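Colleague: Chains as they are written, first to last, in our numbering: chain V, 312 to 685; chain H, 312 to 685; chain A, 312 to 685; chain S, 312 to 685; chain F, 312 to 685.
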Amino acid sequence: MQIEGTAALFARRAPPAGSRPGHFVVPDDAQPTAIRALIFREGHCEERSVTSAEELVEATAAPGVTWIDAVGLGDGSLLHWLRDALGVHPLAVADIAHTGQRPKYEDYGERDLIVVQAVESEDGEGVSIEQVSMIVARDFVVTVTERPLPLFDPVRERVRSGTAMVCRMGADFLTYTLIDTVIDGYFPVVEEIAEVLNDLEDEITERPTEKTLGYLHTVRRTLLAVHRVMYRQRDALGTMMRAEEAPFSAPVRVYLRDAYDHSLQVLDSVESYREMAVGLTDVYLSSMSNRLGEVMKTLTIVSTIFIPLSFIAGVYGMNFEHMPELGWVWGYPAALLLMAVVAGGLLYSFWRRGWLRRRRRYPLDDADGADAER
Amino acid sequence: MQIEGTAALFARRAPPAGSRPGHFVVPDDAQPTAIRALIFREGHCEERSVTSAEELVEATAAPGVTWIDAVGLGDGSLLHWLRDALGVHPLAVADIAHTGQRPKYEDYGERDLIVVQAVESEDGEGVSIEQVSMIVARDFVVTVTERPLPLFDPVRERVRSGTAMVCRMGADFLTYTLIDTVIDGYFPVVEEIAEVLNDLEDEITERPTEKTLGYLHTVRRTLLAVHRVMYRQRDALGTMMRAEEAPFSAPVRVYLRDAYDHSLQVLDSVESYREMAVGLTDVYLSSMSNRLGEVMKTLTIVSTIFIPLSFIAGVYGMNFEHMPELGWVWGYPAALLLMAVVAGGLLYSFWRRGWLRRRRRYPLDDADGADAER
Amino acid sequence: MQIEGTAALFARRAPPAGSRPGHFVVPDDAQPTAIRALIFREGHCEERSVTSAEELVEATAAPGVTWIDAVGLGDGSLLHWLRDALGVHPLAVADIAHTGQRPKYEDYGERDLIVVQAVESEDGEGVSIEQVSMIVARDFVVTVTERPLPLFDPVRERVRSGTAMVCRMGADFLTYTLIDTVIDGYFPVVEEIAEVLNDLEDEITERPTEKTLGYLHTVRRTLLAVHRVMYRQRDALGTMMRAEEAPFSAPVRVYLRDAYDHSLQVLDSVESYREMAVGLTDVYLSSMSNRLGEVMKTLTIVSTIFIPLSFIAGVYGMNFEHMPELGWVWGYPAALLLMAVVAGGLLYSFWRRGWLRRRRRYPLDDADGADAER
Amino acid sequence: MQIEGTAALFARRAPPAGSRPGHFVVPDDAQPTAIRALIFREGHCEERSVTSAEELVEATAAPGVTWIDAVGLGDGSLLHWLRDALGVHPLAVADIAHTGQRPKYEDYGERDLIVVQAVESEDGEGVSIEQVSMIVARDFVVTVTERPLPLFDPVRERVRSGTAMVCRMGADFLTYTLIDTVIDGYFPVVEEIAEVLNDLEDEITERPTEKTLGYLHTVRRTLLAVHRVMYRQRDALGTMMRAEEAPFSAPVRVYLRDAYDHSLQVLDSVESYREMAVGLTDVYLSSMSNRLGEVMKTLTIVSTIFIPLSFIAGVYGMNFEHMPELGWVWGYPAALLLMAVVAGGLLYSFWRRGWLRRRRRYPLDDADGADAER
Amino acid sequence: MQIEGTAALFARRAPPAGSRPGHFVVPDDAQPTAIRALIFREGHCEERSVTSAEELVEATAAPGVTWIDAVGLGDGSLLHWLRDALGVHPLAVADIAHTGQRPKYEDYGERDLIVVQAVESEDGEGVSIEQVSMIVARDFVVTVTERPLPLFDPVRERVRSGTAMVCRMGADFLTYTLIDTVIDGYFPVVEEIAEVLNDLEDEITERPTEKTLGYLHTVRRTLLAVHRVMYRQRDALGTMMRAEEAPFSAPVRVYLRDAYDHSLQVLDSVESYREMAVGLTDVYLSSMSNRLGEVMKTLTIVSTIFIPLSFIAGVYGMNFEHMPELGWVWGYPAALLLMAVVAGGLLYSFWRRGWLRRRRRYPLDDADGADAER
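1. Identify every run of the alpha helix (DSSP H) within the region 319-378 of chain H, keeping only runs that are complete inside it and at least 4 residues long; order them along the chain.
2. In chain order, what residues of the same chain lie with their CB nearer than 6 Å to the CB of I350(H), ignoring the 5 residues before and after it?
3. Less than 8 Å between CB atoms is the rule here; does M551(A) satisfy it with respect to chain S?
4. Apply the 10 Å Cβ neighbour rule to V640(V) and answer buried if 16 or more other Cβ atoms are within range, or exposed otherwise.
5. Contact criterion: CB-CB distance below 8 Å. Does V653(A) meet it with respect to chain H?
6. Compare the C-beta of K608(A) with all C-beta atoms of chain H and state if any pair is closer than 8 Å.
7. Would R532(F) be called buried (16 or more neighbouring beta carbons within 10 Å of its own) or exposed?
8. Name the chain S residues that come within less than 7 Å of V537(F), Cβ to Cβ?
9. Can you confirm whether R469(F), when its beta carbon is compared against all beta carbons of chain S, has any partner nearer than 8 Å?
10. Is T474(H) near the ligand ZN, going by C-beta to nearest heavy atom under 7 Å?
11. Can you list the residues of chain H that V466(A) reaches, using a CB-CB cut of under 8 Å?
12. Would you mind listing the beta strand (DSSP E) stretches within the region 480-532 of chain H that are 3+ residues and don't spill past its ends, in chain order?
13. Give me the residue from D406(A), V426(A), A405(A), G420(A) with the minimum Cα distance to P414(A).
14. Give a yes or no on whether 8 Å exceeds the smallest Cβ distance from H528(A) to chain H.
15. Measure the beta-carbon distance from P558(V) to R449(V) and round it to whole angstroms, keeping in mind my assumption that it falls under 8 Å.
16. Do V430(S) and V537(S) have their C-beta atoms closer together than 8 Å?
17. Give the interface partners of E417(A) over in chain S, defined as CB-CB distance under 9 Å, in chain order.
18. Helix, strand or coil for Y659(S)? Go by DSSP, reduced to three states.
19. If you follow the beta strand (DSSP E) that V399(H) is part of, which residue opens it and which one closes it?
20. Would you call the CB atoms of I440(V) and V565(V) closer than 8 Å?
21. Residues of chain F with CB under 8 Å from Y643(S), in chain order?
22. For V404(H) and L390(H), which I take to be in contact (beta-carbon distance under 8 Å), what is that distance rounded to the nearest angstrom?
23. In whole angstroms, give me the CA-to-CA distance for Y659(A) and V606(H).
24. Using the beta-carbon count (16 or more within 10 Å), is L332(S) buried or exposed?
25. At the 8 Å Cβ level, is V382(S) part of the contact set with chain A, yes or no?
26. Please identify, using Cβ separations under 8 Å, the residues of the region 573-603 of chain H that lie next to chain A, in order along the chain.
27. Using a Cβ-Cβ cut-off of 6 Å (strictly less than) and excluding sequence neighbours within five positions of G387(A), which residues of its own chain qualify?
28. Out of D339(V), V382(V), R568(V), which has the shortest C-alpha to C-alpha gap to A348(V)?
29. Are Y584(H) and I504(H) closer than 8 Å when you measure CB to CB?
30. Which first and last residues belong to the beta strand (DSSP E) in which L620(A) is found?
31. Starting from the Cα of E267(F), find the closest Cα among F631(F), S432(F), V399(F) and give me that residue.
32. By the criterion of Cβ-Cβ separation under 7 Å, what are the contact partners of V626(H) in chain V?
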């Protein structure tokens, strides 16, 4: 889901109100389903393609730990298989189908549901959020995503190798590894947002334009979206970490604590950036208002000097017959002198008020500008 | 209740202070009461019309599960029947009569009260909120609404069919189904608000008018109303979900958790939209202030150039007899040249300050504007 | 206490710091004390006037339930009687004397103290808050107010009738009834504030004046005062409702839950109105800023058109001897034509920028204005 | 500590980082120490001066309850005596030396530490905050302040009298009495701040100046300081009140609850005033912006009327030879008439826009202004 | 880490998403590792240099308490030694390598991890934050920092002396001492920020410039960073303080409470300063807006006076042949008189509106300015 406007930002696919509980709807444009099963036992990993409910059950029942890695909702067959053949609760299946769920951990007894949201930066074009639904059982994990998730490639590689730590542990450690990968995927995205914010900070301090606030608003919207997802993700991790009878064994719970810690760090950063962005809005508005002040000062100085001078000129442009000054030889120079005196007095008064000191926006001031930045 | 102004938004029908506890008042313009009883048992559903206290008691006592579906408060007879014939607590009856209650779950022993608020969008004319009061007992559910609620039609259909899941479960599952339907009814409304907000976002970024903020204010008010109702709804669901001795059995509590989850999603979205709306207010104000800046800049440029030129013209319009320049052959061209030099110098200084760069609001810039949006 | 300014809003009568704990001060202008005792037992109610400590003890010791209804602090004798003859804790007595207490429930063993704050609207002149102090024992309730409280009249009537529900229950139900009456007294006041806010909303959207924000500020202050009092009231009710060994029996606690629920509704409304008021402040400021923009636009259009024209006139008003145009027959019409061309060009440029479109504030637009309101 | 600027507001005396834990530093300008011991037993009170560690131990060991009332840190001997002779924990001693501690109650076993902060108004010059450190044991209380605290004078008097309630109770009641005195000392200070705020409210509504916001800022800063101290004070009182094995006996805990209640009242008021102050900032800014609007309107009206008139005059001041109007007998009156018509038209258009209605800031409007205030 | 821009402010070194859990990356520019072991037992302290895993194990196994004081991550050997030779959990090792962790206390059984962040002021150039990672075991403490931390020098001295309190206690007291030193290091930094804020307050009240808000923004950013770090530090201290089975013995937990208290004080101050900074933003914006008002008032006064006068002059500069006033002997003086009357009337009207009263920004007003400051 690419974040394009406010409406799309928090969308959730949902069946019409009043539908049968557990009823699910698969979108027409869903990608075809591709299911791989990775079955691993100490030092060994077997990879199969799964194309039917029978193969699915067989793969999950194989000795060792099985990772069913499904991509694409297709025509919904996968979801039916999960519900009917694997015994996944209908509500859990509906949550897999209706992406845009909040991250959560739901205990359904033997087949628990975990939903996390992976985030990927799209080359400065915003972020895209992709739901990763997981069904966690004692010996297998099913992951379902709508589109292929490059984020999981390194994990797939390690599992295939058959020798990594993940291969020596159970399904709970695999689950942790996938969640941790999703969480760690937030760091580069947040860093990218931070850089955009940094650039905006420079722009606002040095040369704000009308569009700057629009950009800032977009950054704030993205931060809001990331914050909202990560906030729920942290809650879900906290629940998993504390659940005594969860599918997670004690040693894996230590690892979950680490993932929880990472989610807190992401949240801390995002919250800090959100506060920075609010502060920048103030700086921007003040900066634009200073610019207006500069414009008005120019107008005032020029008008205030020339309007009285023009008045003097206007007086001696009157056509009265009896204006003795007009006949004087020194009349014209005297009038010019009077004008100069008036202009000089006004300039002096402006100077005293500090209006003539130059706005510092030019080369020599850049150093000062940098000072202000520290 | 259509939301028309702030005062109406949070209205609550209430008896005068100091009334006897449990005293209730039925509004004069209440719709006449229409009561249908849907009695269902595995695979079979019977529908009756109920017009007296006796029929009401009879229907609830019928074997199987009974849904008493009452619409309209009428002359209050229904409420008296509930209190006197069915043994509903007087305070619960008063809460049914005085619509505008906060959503809640109140345990009165055998006849619990659940209040939820259904929301319906009115063709972009705002939202209307309709109280759904439910009396939940072991074998029957009474629902009371002031007006017919189309939202419940699919549930009625499923119950009548006699074969749906709801027919195989108890009164608690029927209660859940109705609550879930009410909660799911918020999604399209929130989506509609999001679209309005999206349009406002475009309008503010591209061509804000004086009225934009008024619209934004209306959207914020609607979001506030939805948030307030849903917030309490979530609390009520949480209480139901956790109550050990509630009318809800363990399997149904799993379903309630799903409804709770949906209420959280609605809340999350509404909160996000509220934050967006606040941010948009800033963008709007900044945009209006930029427009003012543009106006002032135009005034300043024109005045600052022509006021000095007019002054020069004024000087040579003076009628002194001894003004040698006036007699020079090249006097006039020289004066024009002086004016051109002054104007050129001022223009150059404006150009250096960046005041002459064009405001980018015209066709070619729309692409850029779209960039800012991403 | 009428709310007149900020300082008075949250005033509290207090003895000087360092006074003996339990020391109390009665204000000089206290109303004389009038004490009525209402003693009721199933179906029967006796009313007495109480004028001495002995009569007070006698009344409270009478069989049945006694309501000591005291109005006015007088010379403080009542407070001494309560402390010395009835055994009320000195700190509780001090709290009765020093009105402006926060609403609270304090368990002193046999003689508990409940403080609530009743609110009355003063014909749109603001609200007045009146402390109701209650001493609750097993068989009697003492209520003390500084001034007569019309709010309690219906309750007095019901008690006197001897047949109402309140007469069949204990002192705890009477206490509940009084508290409930106080809470329900907030609804009309909040409704009145909502109507004022509604009017302000119309005023701000359609014709804001300089004073509007002052009114809005006053409304916000009143809402703040009501919120603060009700917030504490809710807490006190929560404590009463949950206290196991409180003077409240289980059936009465069900009624207290209803009063608690009402207090939550008042709070919800007040909080919503406070948020609306904050939002209206933004709309107001934006509206005033738009008006300034309209003024500036007028100035800019007129100045920008006429200043260049005046310059042209100024040029041909110069007195150079060698200005060939002056002698041309078509010189004057040509100059006028030049002026018309310049003016036309400027007008066209303003029209393109949308500056000439009319502000929509006149009759025909009222319909649109109403649209914005929805 | 007088509050003079932001930096001083929240200062805390501290030893350099890395010092030995419990290490303390006494400031060079500390007042000399003066220690009085008040030893009281039912109906009798003895007062001694204490000048050595031995006398200190002797006084605390005397039968009855002892109040060691120490003023001034002097050369730190007192602190050494406390630590070495009385067995006070080194960290507690360090907290006494380093004033500016947050209010707190720390259980060190036999010698508990209580820190509260007393506040005194300085004749409208701001507030001063003075730390009161207390060491509470079973039979004695040590209080240490940097400067004499007039607030405690009434308590000293009551103790000396030997007959007050405080003399009949234990060290815990004395501790409560002192804390209560400190808390009650906040009421007059908060009231004084409220009056300043009230004056500012009038000033802002009627005649705001450039300085008003500076004053408001100062009031906000003072409220912030008082809030922060009282907030922690409330927490400390809550801890004391709830601690089961604290030095406080059950009857005294009832009194502590009263002090806790007073601290809540102070907090409520301070929070309300802070919100009022924020609201006033908005009103002020709007008021200043209205004044600017008034200035601009004046400029616009005058300029918009006279600039076109001057243009007409300029046209007929041109020196073209062929300007037939100039020769007409009625030319001059016609030109004047044209000017009058233009001016009248413009005035009518301004009147229609409501720009000519007078700003209501003069005598007759004061009544209205007062209305707005209600 | 020096705080230079927003992006750098909350940076965290992290391995790529999808890495093996516990995988760590050492930056290329890491300082070479220097490890000192301080082994102390009552009254005696031995210091060794550690250069291999064997020496590390030997030092930690020596009788007495050992402080392994490691500076610089070097090529990562230290981290491998910790993990492989000392048995530190891989996740803890990764947290040491990836600086920028949030402060925390993590219980890994025998080898607990504590992360704190030390802060140092950089001569008014901002603050730098340095991660201090600690591995705490029963008999030894390992501290790892990226760069030498002068803050620890006094502690090192005390340990080396062999006689300080820290030498008589266990590893837990040493841990506390180091944490306390880090916390106390915040006080001078916060004080420095407070002084900058104080200067800004003066600047804003007396002579705000365009850059002031930029500086204020920088201060707010720094306060945000300090707040965020200290907030988590306080949480970690709270966890340590409460943990029953932690490495901390009961007497040391009393000391930890003191460190917790200090962290609360830092937080309180930082929060207060943040609120002050927000308030100052308002004062600044209002001050800049007042300046604009002053500029506009000048323009308005000058324009409003001279534009009508120029109009009068323009009228008598018209060249109509039949303008009788032009021929009058007193025409010119009469015109001048008319102009004087008009100017006088306008000045009087401005004076009545209070526009001519001088802005008080000059020497004599400084006293008043100081008043406003109080």
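Where a beta carbon is used, it is the ideal one built from N, C-alpha and C, also for glycine.
None of these values were measured; they are calculated from a predicted model.
Modeller: In this structure, then:
1. 364-372
2. E357, A373, G375, T377
3. no
4. exposed
5. no
6. yes
7. buried
8. The contacting residues do not exist; V537(F) stays about 14 Å from chain S at best.
9. yes
10. Ligands are entirely absent from the displayed structure, and the ligand ZN is therefore not among its contents.
11. G329
12. none
13. V426(A)
14. no
15. 7 Å
16. yes
17. V565, R568, D569, D572
18. helix
19. It is not in any beta strand (DSSP E) - V399(H) carries neither H nor E in the DSSP assignment.
20. no
21. M629, F631, H633, M634
22. 5 Å
23. 15 Å
24. The amino acid at residue 332(S) is misidentified as Leu; the sequence shows Pro. Answer is buried; the Cβ neighbour count reaches 16.
25. no
26. T592, Y595, L596, M599, S600, R602, L603
27. V337
28. V382(V)
29. yes
30. Not the beta strand (DSSP E): L620(A) falls in the alpha helix (DSSP H), residues 561-626.
31. The structure shown does not extend to residue 267(F), since chain F is modelled only from 312 through 685, so no value can be given for it.
32. A624
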